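Position 267 of the sequence shown, counting from 1, maps to 292 under my numbering, and the rest follow consecutively.
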Amino acid sequence: MALVLGIETSCDETGVAVFDTDRGLLGHRLYSQVAMHADYGGVVPELAARDHVTRLTPLIADLCGELELELTRLDAIAYTAGPGLVGALLVGACTAQAMAMALGVPALPIHHMEGHLLAPLLEEDPPEFPFVALLVSGGHSMLVDVADVGRYQLLGDTLDDAAGEAFDKTATLLGLGYPGGPAVSRVAESGDPKAIRFPRPMTNRPGLDFSFSGLKTHVLTTWRASDQSDRTRANVAAGFQEAVADTLAIKCRRAMTQTGRKRLIVAGGVGANHRLRQVLKADGEKHGYQVFYPRLEFCTDNGAMIAFAGAIRVERAGKADGAVEVFPRWPLEKLTYRTGH
Ligand code: KG4
Ligand code: ZN
Numbered sequence: 026m027a028l029v030l031g032i033e034t035s036c037d038e039t040g041v042a043v044f045d046t047d048r049g050l051l052g053h054r055l056y057s058q059v060a061m062h063a064d065y066g067g068v069v070p071e072l073a074a075r076d077h078v079t080r081l082t083p084l085i086a087d088l089c090g091e092l093e094l095e096l097t098r099l100d101a102i103a104y105t106a107g108p109g110l111v112g113a114l115l116v117g118a119c120t121a122q123a124m125a126m127a128l129g130v131p132a133l134p135i136h137h138m139e140g141h142l143l144a145p146l147l148e149e150d151p152p153e154f155p156f157v158a159l160l161v162s163g164g165h166s167m168l169v170d171v172a173d174v175g176r177y178q179l180l181g182d183t184l185d186d187a188a189g190e191a192f193d194k195t196a197t198l199l200g201l202g203y204p205g206g207p208a209v210s211r212v213a214e215s216g217d218p219k220a221i222r223f224p225r226p227m228t229n230r231p232g233l234d235f236s237f238s239g240l241k242t243h244v245l246t247t248w249r250a251s252d253q254s255d256r257t258r259a260n261v262a263a264g265f266q267e268a269v270a271d272t273l274a275i276k277c278r279r280a281m282t283q284t285g286r287k288r289l290i291v292a293g294g295v296g297a298n299h300r301l302r303q304v305l306k307a308d309g310e311k312h313g314y315q316v317f318y319p320r321l322e323f324c325t326d327n328g329a330m331i332a333f334a335g336a337i338r339v340e341r342a343g344k345a346d347g348a349v350e351v352f353p354r355w356p357l358e359k360l361t362y363r364t365g366h
């Protein structure tokens with residue numbers, strides 16, 4: 026049995042969780058900085074880092090207090106080491122390292138996207154390996170072939186804007202504020218997705234890469250040339266959301282065919298999108314693959330996925346070397362796993 030504390034501070038959420046390799050997830054806490062960044066229309070890196078400093082330690086104390094967990098019982102501290110905002114990452118990394126040193130346990134640097142792609146395994150009916158992962162967040166749109174824990178092959182990546190970034194920019198353009206994804210999908214509910222047809226970028230040529238910046242420009246020119254009424258806003262939001270969902274589904278199907286996998290997992294903030302889920306469900310039923318998600322609160326950034334990734338590491342990989350490490354850019358395929366034999 027091993028008890029692992031997970032710390033997530035890569036962007037604008039401070040997340041902590043404790044995972045027990047025998048009993049599963051014992052508890053988690055999240056503090057979202059969204060309200061603070063909303064005034065600026067996006068994440069301000071320096072403010073994010075400072076706020077993590079303020080929130081992280083009380084959040085850990087609060088969680089451990091509720092769990093009646095003495096810190097000395099922890100076997101490892103897992104922290105998001107990248108990719109992400111360097112100042113924000115350093116807060117989690119230094120806190121994890123300080124705790125690890127004081128407790129005499131290893132600190133485990135975790136890849137944020139590995140956290141996302143393992144998150145569906147926290148659910149009751151988890152997918153078995155192998156599977157394909159669609160990781161769609163504010164910073165990434167990736168398709169990854171997952172043969173097993175630590176065996177990741179990048180199938181496709183974004184060439185410019187990530188899917189979540191496209192949602193955020195569209196929201197700003199339509200005057201819907203930050204964060205954009207939930208706002209766009211809320212407004213889209215009252216719109217007609219067929220009223221305006223937006224392009225499905227990069228779907229008419231082979232390959233699994235994504236590009237959403239052209240779609241964003243299309244939204245911009247359409248909106249500027251329109252009457253900018255509430256009705257048009259809803260139609261633009263619905264048409265945009267439909268285009269993103271369709272594009273992602275087309276690429277997923279292609280990835281499933283290319284790899285021959287039968288299970289698809291979807292994670293990252295955009296995985297919370299209701300329309301994307303509907304489109305993928307229909308596509309999976311039609312083309313014979315099953316789709317898995319983390320629960321909604323674990324689609325977006327959280328500490329549970331980091332504690333879990335750390336716990337798997339403890340089980341499979343053994344000890345960490347204790348160096349303070351952060352990686353603002355970090356290819357998923359470069360992850361090394363020590364198998365312990
Ligand atoms: O995974 P995440 O919490 O943070 C990153 O690692 O980036 O993802 C945040 C992104 C934001 O761009 C946000 O607008 C988007 O996920 N998002 C959504 C929805 N909820 C969050 N996009 C579309 N529909 C949603 N319901
Ligand atoms: Zn994320």
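Each residue gets a CB set at the ideal place from its N, CA and C atoms; glycine is no exception.
For clarity, every value in this text was computed on a predicted model and none was experimentally measured.
Inter-stretch contact (C-beta, 8 angstroms, three-pair minimum) for the stretch 278–288 and the stretch 297–314: yes
Cβ neighbours of residue 357 in the same chain (closer than 7 angstroms, five flanking residues each side left out): Within the same chain, residue 357 has close Cβ partners 136, 138, 139, 169, 177 and 179.
Buried or exposed by the 16-neighbour rule on C-beta atoms within 10 Å, applied to residue 80: Label assigned to residue 80: buried.
DSSP-derived helix/strand/coil call for residue 61: helix
Residue interval of the alpha helix (DSSP H) (run including residue 160): It is not in any alpha helix (DSSP H) - residue 160 instead sits in the beta strand (DSSP E) that spans 156–161.
Beta bridge counterpart(s) of residue 167 as assigned by DSSP: 160
Nearest neighbour of residue 186, chosen from 164, 144 and 334 [CA to CA]: 164
Bridge-paired residues (DSSP) for residue 113: DSSP output for residue 113 lists no bridge partner at all.
Whole-angstrom distance between residue 210 and residue 299, CA atom to CA atom: Going by the C-alpha atoms only, they are around 8 angstroms apart.
Boundaries of the alpha helix (DSSP H) in which residue 255 is found, first to last residue: 255–284
Opening and closing residue of the beta strand (DSSP E) in which residue 28 lies: 28–33
Alpha-carbon spacing of residue 255 relative to residue 106, whole angstroms: 42 angstroms
Residue 162 to residue 130 span [Cα, whole Å]: Spanning the two alpha carbons is a distance of roughly 32 angstroms.
Nonlocal neighbours in the same chain, by C-beta distance under 8 angstroms from residue 344, ignoring five residues either side: Caution is warranted here: a pLDDT of 48 is assigned to residue 344, below 50, making its placement in the model unreliable, and the coordinate value is therefore given only provisionally. Correct list, in chain order: 131.
Member of 77, 88, 334 and 353 whose CA lies at the smallest distance from the CA of residue 173: Check the Cα spacing between residue 173 and each of 77, 88, 334 and 353: the tightest is with 334.
Residues near residue 181 by beta carbon distance below 6 angstroms, same chain, minus five either side: 168, 233 and 234
Proximity winner among 308, 47 and 320, relative to residue 297 (alpha-carbon distances): Residue 297 has its Cα closest to that of 320, out of 308, 47 and 320.
Residue 90, buried or exposed, once every other Cβ within 10 Å from all chains shown has been counted against 16: Classification for residue 90: exposed.
Neighbour-count burial assignment, residue 40, 16 or more Cβ in a 10 Å radius: buried
Local conformation of residue 234 per DSSP, three classes: coil
Spatial neighbours of residue 317 in its chain, beta-carbon cut-off 6 angstroms, leaving aside the 5 residues before and after: 145, 152 and 290
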